[in-house]
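Under our numbering, the letters of the sequence shown match residues 1 to 109, in that order. Where a beta carbon is used, it is the ideal one built from N, C-alpha and C, also for glycine. Data first, discussion second: the structure below is written as structure tokens.
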Amino acid sequence: MPGYRKISSELKAKAALEALKDEEAISTIASKYRIDPKTLRDWVKKLKENSASVFDSKIEEEHKEKLRQKENQIKELKNLIGEQTVMIDWVKKKYREAGFQWENEPHGW
């Protein structure tokens, strides 16, 4: 889409917080950040609606639990990769011991 640009969460928060101060007009702040005033108003509305979640320990615990689950999943996958590597090395060894050889044996075998 022409003219579309990705705006970071940090910049959205900065602009919305600045707009909440009511020290400058929305249009002035929007112009400063090169965004549409309606977009800025939407960000301010979203910030107001969701600001309480910053202090919600239940949400924080949910995020921590999801992170723990992902870390466990990564450990499991690393273990699986390790097991697969051992198996592949064993198959390579048995392949050679059996006297087989490919015409174009893959590099590293």
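(message) Classify Leu40: buried if its beta carbon has 16 or more other beta carbons within 10 angstroms, exposed otherwise.
(response) For this step, residue 40 is matched to residue 40 along the sequence shown. So Leu40 counts as buried.
(message) Taking contact to mean 3 or more Cβ pairs, one atom from each stretch, closer than 8 Å, check whether the region 71 to 82 and the region 39 to 58 are in contact.
(response) no
(request) Indicate the three-state DSSP secondary structure (helix, strand or coil) for Gly82 in the structure shown. (result) Along the sequence shown, read from residue 1 onward, the residue named residue 82 stands at position 82. Helix.
(request) For Glu18, I'd like the list of residues in its chain whose CB is within less than 7 Å of its CB, leaving aside the five on either flank, ordered along the chain. (result) As a working mapping, residue 18 is identified with position 18 in the sequence shown. Ile29, listed in sequence order.
(request) Reducing DSSP to helix, strand and coil, say where Arg96 ends up. (result) By one-based count along the sequence shown, residue 96 stands at place 96. Of the three classes helix, strand and coil, the one that applies to Arg96 here is helix, per DSSP.
(message) According to DSSP, simplified to helix, strand and coil, what is Ser31?
(response) As a working mapping, residue 31 is identified with position 31 in the sequence shown. Ser31 falls in the helix class under three-state DSSP.
(request) Helix, strand or coil for Arg68, going by three-state DSSP, please let me know. (result) Here residue 68 refers to the residue found at position 68 of the sequence shown. In this structure, Arg68 counts as helix in the three-state DSSP scheme.
(message) Could you compute how far the alpha carbon of Arg96 sits from the alpha carbon of Ser9?
(response) As a first step, residue 96 is located in the sequence shown; it is residue number 96 there, counting from the start. As a first step, residue 9 is located in the sequence shown; it is residue number 9 there, counting from the start. Spanning the two alpha carbons is a distance of roughly 56 Å.
(request) Using a threshold of 8 Å, state whether the C-beta atoms of Trp43 and Ala16 are closer than that. (result) Numbered from 1 along the sequence shown, position 43 holds the residue referred to as residue 43. Numbered from 1 along the sequence shown, position 16 holds the residue referred to as residue 16. A contact, by the Cβ cut-off of 8 Å.
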